[in-house]
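> Residue numbers (our numbering), protein chains in the order written: chain A, 8 to 296; chain B, 8 to 296; chain C, 8 to 296; chain D, 8 to 296.
Protein chains: 4
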Amino acid sequence: MTENNIRKTATLLVCCPDRKGLVARISDFIFRHGGNILHADQHTDLEAGIFLTRIEWELDGFQIPREQICPRFQPIAGDFQMQYEIFFSDQISKVAIFVSRLPHCLQDLLLRRQAGDFRAEIALIISNHPEAAEISQSFGIRFRHFPISPENKSEQERSEIQELRSSGIELIVLARYMQVLSDPFVAEFPNRIINIHHSFLPAFVGAQPYHQAYRRGVKLIGATSHYVTSELDNGPIIEQEVIRISHRDSVEDLVRKGRDLEKLVLARAVRLHLMHRILTYHNKTVIFD
Amino acid sequence: MTENNIRKTATLLVCCPDRKGLVARISDFIFRHGGNILHADQHTDLEAGIFLTRIEWELDGFQIPREQICPRFQPIAGDFQMQYEIFFSDQISKVAIFVSRLPHCLQDLLLRRQAGDFRAEIALIISNHPEAAEISQSFGIRFRHFPISPENKSEQERSEIQELRSSGIELIVLARYMQVLSDPFVAEFPNRIINIHHSFLPAFVGAQPYHQAYRRGVKLIGATSHYVTSELDNGPIIEQEVIRISHRDSVEDLVRKGRDLEKLVLARAVRLHLMHRILTYHNKTVIFD
Amino acid sequence: MTENNIRKTATLLVCCPDRKGLVARISDFIFRHGGNILHADQHTDLEAGIFLTRIEWELDGFQIPREQICPRFQPIAGDFQMQYEIFFSDQISKVAIFVSRLPHCLQDLLLRRQAGDFRAEIALIISNHPEAAEISQSFGIRFRHFPISPENKSEQERSEIQELRSSGIELIVLARYMQVLSDPFVAEFPNRIINIHHSFLPAFVGAQPYHQAYRRGVKLIGATSHYVTSELDNGPIIEQEVIRISHRDSVEDLVRKGRDLEKLVLARAVRLHLMHRILTYHNKTVIFD
Amino acid sequence: MTENNIRKTATLLVCCPDRKGLVARISDFIFRHGGNILHADQHTDLEAGIFLTRIEWELDGFQIPREQICPRFQPIAGDFQMQYEIFFSDQISKVAIFVSRLPHCLQDLLLRRQAGDFRAEIALIISNHPEAAEISQSFGIRFRHFPISPENKSEQERSEIQELRSSGIELIVLARYMQVLSDPFVAEFPNRIINIHHSFLPAFVGAQPYHQAYRRGVKLIGATSHYVTSELDNGPIIEQEVIRISHRDSVEDLVRKGRDLEKLVLARAVRLHLMHRILTYHNKTVIFD
Numbered sequence: 008m009t010e011n012n013i014r015k016t017a018t019l020l021v022c023c024p025d026r027k028g029l030v031a032r033i034s035d036f037i038f039r040h041g042g043n044i045l046h047a048d049q050h051t052d053l054e055a056g057i058f059l060t061r062i063e064w065e066l067d068g069f070q071i072p073r074e075q076i077c078p079r080f081q082p083i084a085g086d087f088q089m090q091y092e093i094f095f096s097d098q099i100s101k102v103a104i105f106v107s108r109l110p111h112c113l114q115d116l117l118l119r120r121q122a123g124d125f126r127a128e129i130a131l132i133i134s135n136h137p138e139a140a141e142i143s144q145s146f147g148i149r150f151r152h153f154p155i156s157p158e159n160k161s162e163q164e165r166s167e168i169q170e171l172r173s174s175g176i177e178l179i180v181l182a183r184y185m186q187v188l189s190d191p192f193v194a195e196f197p198n199r200i201i202n203i204h205h206s207f208l209p210a211f212v213g214a215q216p217y218h219q220a221y222r223r224g225v226k227l228i229g230a231t232s233h234y235v236t237s238e239l240d241n242g243p244i245i246e247q248e249v250i251r252i253s254h255r256d257s258v259e260d261l262v263r264k265g266r267d268l269e270k271l272v273l274a275r276a277v278r279l280h281l282m283h284r285i286l287t288y289h290n291k292t293v294i295f296d
Numbered sequence: 008m009t010e011n012n013i014r015k016t017a018t019l020l021v022c023c024p025d026r027k028g029l030v031a032r033i034s035d036f037i038f039r040h041g042g043n044i045l046h047a048d049q050h051t052d053l054e055a056g057i058f059l060t061r062i063e064w065e066l067d068g069f070q071i072p073r074e075q076i077c078p079r080f081q082p083i084a085g086d087f088q089m090q091y092e093i094f095f096s097d098q099i100s101k102v103a104i105f106v107s108r109l110p111h112c113l114q115d116l117l118l119r120r121q122a123g124d125f126r127a128e129i130a131l132i133i134s135n136h137p138e139a140a141e142i143s144q145s146f147g148i149r150f151r152h153f154p155i156s157p158e159n160k161s162e163q164e165r166s167e168i169q170e171l172r173s174s175g176i177e178l179i180v181l182a183r184y185m186q187v188l189s190d191p192f193v194a195e196f197p198n199r200i201i202n203i204h205h206s207f208l209p210a211f212v213g214a215q216p217y218h219q220a221y222r223r224g225v226k227l228i229g230a231t232s233h234y235v236t237s238e239l240d241n242g243p244i245i246e247q248e249v250i251r252i253s254h255r256d257s258v259e260d261l262v263r264k265g266r267d268l269e270k271l272v273l274a275r276a277v278r279l280h281l282m283h284r285i286l287t288y289h290n291k292t293v294i295f296d
Numbered sequence: 008m009t010e011n012n013i014r015k016t017a018t019l020l021v022c023c024p025d026r027k028g029l030v031a032r033i034s035d036f037i038f039r040h041g042g043n044i045l046h047a048d049q050h051t052d053l054e055a056g057i058f059l060t061r062i063e064w065e066l067d068g069f070q071i072p073r074e075q076i077c078p079r080f081q082p083i084a085g086d087f088q089m090q091y092e093i094f095f096s097d098q099i100s101k102v103a104i105f106v107s108r109l110p111h112c113l114q115d116l117l118l119r120r121q122a123g124d125f126r127a128e129i130a131l132i133i134s135n136h137p138e139a140a141e142i143s144q145s146f147g148i149r150f151r152h153f154p155i156s157p158e159n160k161s162e163q164e165r166s167e168i169q170e171l172r173s174s175g176i177e178l179i180v181l182a183r184y185m186q187v188l189s190d191p192f193v194a195e196f197p198n199r200i201i202n203i204h205h206s207f208l209p210a211f212v213g214a215q216p217y218h219q220a221y222r223r224g225v226k227l228i229g230a231t232s233h234y235v236t237s238e239l240d241n242g243p244i245i246e247q248e249v250i251r252i253s254h255r256d257s258v259e260d261l262v263r264k265g266r267d268l269e270k271l272v273l274a275r276a277v278r279l280h281l282m283h284r285i286l287t288y289h290n291k292t293v294i295f296d
Numbered sequence: 008m009t010e011n012n013i014r015k016t017a018t019l020l021v022c023c024p025d026r027k028g029l030v031a032r033i034s035d036f037i038f039r040h041g042g043n044i045l046h047a048d049q050h051t052d053l054e055a056g057i058f059l060t061r062i063e064w065e066l067d068g069f070q071i072p073r074e075q076i077c078p079r080f081q082p083i084a085g086d087f088q089m090q091y092e093i094f095f096s097d098q099i100s101k102v103a104i105f106v107s108r109l110p111h112c113l114q115d116l117l118l119r120r121q122a123g124d125f126r127a128e129i130a131l132i133i134s135n136h137p138e139a140a141e142i143s144q145s146f147g148i149r150f151r152h153f154p155i156s157p158e159n160k161s162e163q164e165r166s167e168i169q170e171l172r173s174s175g176i177e178l179i180v181l182a183r184y185m186q187v188l189s190d191p192f193v194a195e196f197p198n199r200i201i202n203i204h205h206s207f208l209p210a211f212v213g214a215q216p217y218h219q220a221y222r223r224g225v226k227l228i229g230a231t232s233h234y235v236t237s238e239l240d241n242g243p244i245i246e247q248e249v250i251r252i253s254h255r256d257s258v259e260d261l262v263r264k265g266r267d268l269e270k271l272v273l274a275r276a277v278r279l280h281l282m283h284r285i286l287t288y289h290n291k292t293v294i295f296d
């Protein structure tokens, strides 16, 4: 499906206290105004008393103009104390990728974008090293170099935030970016920063997880993509994957095999986010795939 | 959750031509009569124009008595040309297991039933060999021995059908039953017979799939659970799984490793069926798990 | 292959400092005396300077009588400072299984023994609870009940050790045995106690790993089999496996899915140990499979 | 490890009838001349009576000059009727990649080469379409465009063979090359052409395997890398991998998910081949990894 003839849809994401009639009220709202529901997923956490749903319907034939949908939906949202968002399939998200020296996740995301794995405008590449400039150029993407030292970190982060804001960036992807973002930076983009950690979290938090895995003698290594929160490597997990290793594998082999995991696990998370398939609550994700 | 305090719910399975308003009409029906929806899954095959849904709601507080639910739902079903079924969570399905000489799938299902992996009454074990009598007895389950020869097959199958009908069997599980069921037998239980085939279908249809896999030199072997139809090993696939093998593995190793796959893949299919999570159309399954 | 016609072989396991000529000296020793090598695996940890090998050869035609093999091999072992062991394929190991209340791993091992997945004499089942007595009896295996309290633990463990010694037990399998063994107990059976931990170690060490996994919101859960050392859940890892979970899975679902992992991962470790395919060094395992 | 300081080793691959003394004679040959064995793997197919081994030893300290190793080993090879090859770790293989329109496998191999996943000189890219010219150029690799029609196929293949011969190509990788190579072409490069087929062979041989998989309703899709023989999609299998799909996945989703499998499975095969870890016999592979 090319971008010109993509099906025009609206997607509603809702998180609220569980109550009778939620599905009926929402689906009735869509039906009464001529919407045809394409996908509807819901999840109720019975223990926590929380209801989450993702509903996608065709805009073709829907009688409410898109700028009116939020105000018209507001009374229902108010009744049920909903947190909600509405997205339109022809709005293409702007993405920034942060990278340090290892380029494989960056290259992978750029090639996947090219192959049509997901739709996004990769508008900006930021690095604390200069090496990624060439890749950025070959894909025609703006590159900004922000070297980070303990002394200039706060200032550089403020510049980065300004850059991200002025570019209208909606999603930040840390594609093996080896700097820890400060709390103020993270607070600017809640649930909008996806990181790839090269271990099966919560095992091997922190630095050099492949070395840690080698020393412990595990038989599988993993990678984890998650939203970044103020607590290091402890945000809501989006996706994880593992691969088998053996005593024959050196640390270098773990690094090599791990690259495949990192690429896959980060790309899946980015795709799910861009398709508005992730909701979060209680430091966990609900994935409607 | 013990069987006494299991949550009382109704589950509606629907398959019909896709049309606007389906979700709204169904959820409104449930809400208007005081039902609280616990799970709602839907799938639309846009190409085929088919809509499928599974909705489960609490009976506690629902104002229609359960024997009235079908007649009261009938007008909606008629409007939308629905094929539908309604199940209640406290109705426990009666299951018959067919087995030949290899007991591992039978034992696995019996132990899973005991451990509470799924709820069912395993009411009958049928075999063309006498060996399973002892296992049946140790679990306190009625055992019937129907030896099969080319001469007596039709007659024995008629006796089996009678036995199954009189016992009120709702699901037949072929747990490494090595006889091909005749078309008349299969026609008696449409989408009610689950088989385990010890290959990754459609590879290695027919006899001795592990020998076939060994000769071909594949690097993964598989198992497939499916509903039985009149075409051998060609019914709707419910579940598949694979395991890695290497040149070090003999046919005996494949058989041994395969047993684990067979047990897992058959048990998952049985559990999904018993929880009314499988719909079929166009010789495929839709799994709402 | 039945136990009567099993191929008679010797298996040599060696761990020593790496030096030139190791493979040549060992294979020459076997060849000069008429042995036909069936399997030979080796691993060199170049960083640690350690050489490990497993060599299996046919006894049929081998000119050294089996009780003479060790003394005749001793000079080579001395030259190379080898730690080594020699096993014969027709010697069947005696195994004790420890279990608490959950029977699935115990049942699984007993059925696998019956199906011929591995060869062993399961000579003794020990539990701190009485429930496993019935299963033990139905498989014709001696059962001993050792209730454990903080007060009697040392004394009970001494009785257990005596029991294990007098029964000639060579391998102890903790099949969901929920007591921590004391250091003196563990010291009696170095690399002879296999435990199953119901998490992907080193994540979720200690109690209630499925609850920990649920709270953290991981997308895969795991199980780990390992040799028991004095440090809890930190012995050499033998095998690990994972399974995918989602937000739909409750803690009970994790427990249910985890049972399959626990059974598989423990059974593989037991089989590898009984086939003398595991060597350990530096708190890691080398698996020659 | 950079290419300059790569460890200098010799690797011997042997396939011959099984006989006593094979390991001893080979390892004695290496040891007597001062070689230190780093890796030794062997496999005996007892049923077929075939012995296969891969032995790698350090050239540093080995007393036979490398051009003399083959002649000096010849008598042993003759005694045991060995088919054998000897490779040196500092000889870098020349590789040609064939591609049609889909670039993902080509890009993946080029980036893996760059990241150091394997060592090779990718000397030539050949396509029946012009699109890959740009990628080739950006990686500085010679590109040749050979359009294929039924009329010119034989002639074009002869030109390709000439090109490959004159470039000293040792391995041909079909990276989603959608033309069937003729028997004469294949015969020129026995066990030197690796193909990626986008199904779990032997399921879905031939055209449009993802469409076939979609229609059959399988729950896992796969990819298979194999050596090319004169029988389509039937050569010795090197590697296979699968990924889970569901009823939610359209054919386009299968194609997208399959790309990841294709890249992984082809790259693993290429790496194994370049590291001389694959032997073949009876249309099967033995992988010493």
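Using N, Cα and C, we set each Cβ at its ideal position, and we do this for glycine too.
Return yes when the Cβ of Phe146 (chain B) is within less than 8 Å of the Cβ of Ala139 (chain B), no when it is not.
What you label residue 139 (chain B) is simply residue 132 of the second sequence in a count that begins at 1. What you label residue 146 (chain B) is simply residue 139 of the second sequence in a count that begins at 1. It is not a contact, given that the beta carbons lie outside the stated cut-off.
> Out of C:Met89, C:Ser174 and C:Leu131, state which residue places its alpha-carbon closest to the alpha-carbon of Cys23 (chain C).
The sequence position of residue 23 (chain C) within the third sequence is 16, counting from 1. Ranking C:Met89, C:Ser174 and C:Leu131 by Cα distance to Cys23 (chain C) puts C:Met89 first.
> Only counting the same chain, and skipping five residues up and downstream in sequence, which positions put a Cβ closer than 6 Å to that of Ala264 (chain D)?
As a working mapping, residue 264 (chain D) is identified with position 257 in the fourth sequence. In the sequence on display, residue 264 (chain D) carries Lys and not Ala. Hits under 6 Å: Ile250.
> Does any residue of chain B bring its CB to less than 8 Å from the CB of Glu10 (chain C)?
Walking along the third sequence from the start, residue 10 (chain C) turns up at place 3. Low confidence applies here, because Glu10 (chain C) scores a pLDDT of 49, under 50, leaving its location unreliable; read the following figure in that light. Chain B contact via Cβ: absent.
> Compute the beta-carbon to beta-carbon distance between Ala230 (chain C) and Arg266 (chain B), rounded to the nearest angstrom, for a pair I have assumed lies under 8 Å.
Numbered from 1 along the third sequence, position 223 holds the residue referred to as residue 230 (chain C). Numbered from 1 along the second sequence, position 259 holds the residue referred to as residue 266 (chain B). Wrong, their Cβ atoms sit about 19 Å apart, outside the cutoff.
> I want to see whether chain F comes within less than 8 Å of Arg73 (chain D), judged by CB atoms only; does it?
Within the model displayed, chain F is absent; protein chains A, B, C and D are what it includes.
> Roughly how many angstroms lie between the CA atoms of Thr16 (chain D) and Val30 (chain D), to the nearest whole one?
Counting from 1 along the fourth sequence, the entry for residue 16 (chain D) is found at position 9. Counting from 1 along the fourth sequence, the entry for residue 30 (chain D) is found at position 23. Rounded to the nearest angstrom, the two C-alpha atoms are 19 Å apart.
> Are Ser161 (chain D) and Ser189 (chain D) touching if we call contact CB-CB under 8 Å?
Along the fourth sequence, one-based indexing puts residue 161 (chain D) at 154. Along the fourth sequence, one-based indexing puts residue 189 (chain D) at 182. Cβ distance < 8 Å, so Ser161 (chain D) and Ser189 (chain D) count as in contact.
> Exposed or buried, what is Ala194 (chain C) when buried is set at 16 or more other beta-carbons lying within 10 Å of its beta-carbon?
Taking the first residue of the third sequence as position 1, residue 194 (chain C) is located at position 187. Ala194 (chain C) should be labelled exposed.
> Taking 6 Å as the limit between beta carbons, can you name the residues of its chain near Glu92 (chain D), skipping five residues before and five after?
Numbered from 1 along the fourth sequence, position 85 holds the residue referred to as residue 92 (chain D). Excluding sequence neighbours, Glu92 (chain D) sits near Leu20.
> Using a C-beta to C-beta distance shorter than 8 Å, which residues of chain C count as neighbours of Leu118 (chain B)?
Counted from its first residue, the second sequence places residue 118 (chain B) at position 111. Neighbours of Leu118 (chain B) on chain C, chain order: His111 and Gln114.
> Using a Cβ-Cβ cut-off of less than 9 Å, list which residues of the region 16-49 of chain A approach chain B; keep chain order.
Listed by position, the residues of the region 16-49 of chain A near chain B (Cβ gap below 9 Å) are Asp25, Arg26, Lys27, Gly28, Leu29, Val30, Ala31, Arg32, Ile33, Ser34, Asp35, Phe36, Ile37, Phe38, Arg39, Gly41, Gly42, Asn43, Ile44, Leu45, His46, Ala47, Asp48 and Gln49.
> Would you mind listing the alpha helix (DSSP H) stretches within the region 165-239 of chain B that are 4+ residues and don't spill past its ends, in chain order?
Whole alpha helix (DSSP H) segments, 4+ residues: 190-195 and 216-223.
> For Ala274 (chain A), name the three-state secondary structure that DSSP assigns.
The sequence position of residue 274 (chain A) within the first sequence is 267, counting from 1. Three-state DSSP puts Ala274 (chain A) in a helix.
> Taking Asp35 (chain B) and Asp35 (chain A) to be in contact with their CB atoms under 8 Å, please state how far apart those CB atoms are, rounded to whole angstroms.
Taking the second sequence and counting its residues from 1, the one referred to as residue 35 (chain B) is at position 28. Taking the first sequence and counting its residues from 1, the one referred to as residue 35 (chain A) is at position 28. Confirmed, Cβ separation roughly 6 Å.
> Going by DSSP, what residue range makes up the beta strand (DSSP E) through Ala130 (chain B)?
Taking the second sequence and counting its residues from 1, one reaches residue 130 (chain B) at position 123. From DSSP, the beta strand (DSSP E) with Ala130 (chain B) extends over Glu128 to Ser134.
> Here's the rule I'm using: 16 or more other beta-carbon atoms within 10 Å means buried, otherwise exposed. How should His218 (chain D) be labelled?
Position 211 of the fourth sequence, counted from the first residue, corresponds to residue 218 (chain D). With fewer than 16 other Cβ atoms within 10 Å, it is exposed.
> Check whether the region 198-209 of chain A touches the region 232-247 of chain A, taking contact to mean three or more Cβ pairs, one atom from each stretch, closer than 8 Å.
Because the criterion of three Cβ pairs below 8 Å is met, the region 198-209 of chain A and the region 232-247 of chain A touch.
> Could you tell me the alpha carbon to alpha carbon distance between Gly175 (chain B) and Lys101 (chain B), rounded to whole angstroms?
Here the question's residue 175 (chain B) lines up with position 168 in the second sequence. Here the question's residue 101 (chain B) lines up with position 94 in the second sequence. The straight-line gap from Cα to Cα measures roughly 7 Å.
> Measuring straight from C-alpha to C-alpha, what distance separates Ile76 (chain B) and Ile33 (chain B)?
Indexing the second sequence from 1 puts residue 76 (chain B) at position 69. Indexing the second sequence from 1 puts residue 33 (chain B) at position 26. Their backbone Cα atoms lie some 12 Å apart in a straight line.
> With DSSP as the reference, label Phe36 (chain B) as helix, strand or coil.
As a first step, residue 36 (chain B) must be located in the second sequence, where it is residue number 29. Correct three-state label for Phe36 (chain B): helix.
> Helix, strand or coil: which one does DSSP assign to Pro82 (chain D)?
On the fourth sequence, residue 82 (chain D) is found 75 positions in, with the first residue counted as 1. Helix.
> Given Arg119 (chain D), which residues of its chain have a CB within under 7 Å of its CB, disregarding the five upstream and five downstream residues?
By 1-based counting over the fourth sequence, the position of residue 119 (chain D) is 112. Same-chain partners within the cutoff: Phe125 and Ala274.
> For a test of the three-state rule: what should DSSP assign to Gln247 (chain A), helix, strand or coil?
Walking along the first sequence from the start, residue 247 (chain A) turns up at place 240. In the structure shown, Gln247 (chain A) sits in a strand (DSSP, three-state: E or B).
> Which residue marks the beginning of the beta strand (DSSP E) containing Asp115 (chain B), and which one marks its end?
Position 108 of the second sequence, counted from the first residue, corresponds to residue 115 (chain B). From DSSP, Asp115 (chain B) is part of no beta strand (DSSP E) but of the alpha helix (DSSP H) over His111 to Ala122.
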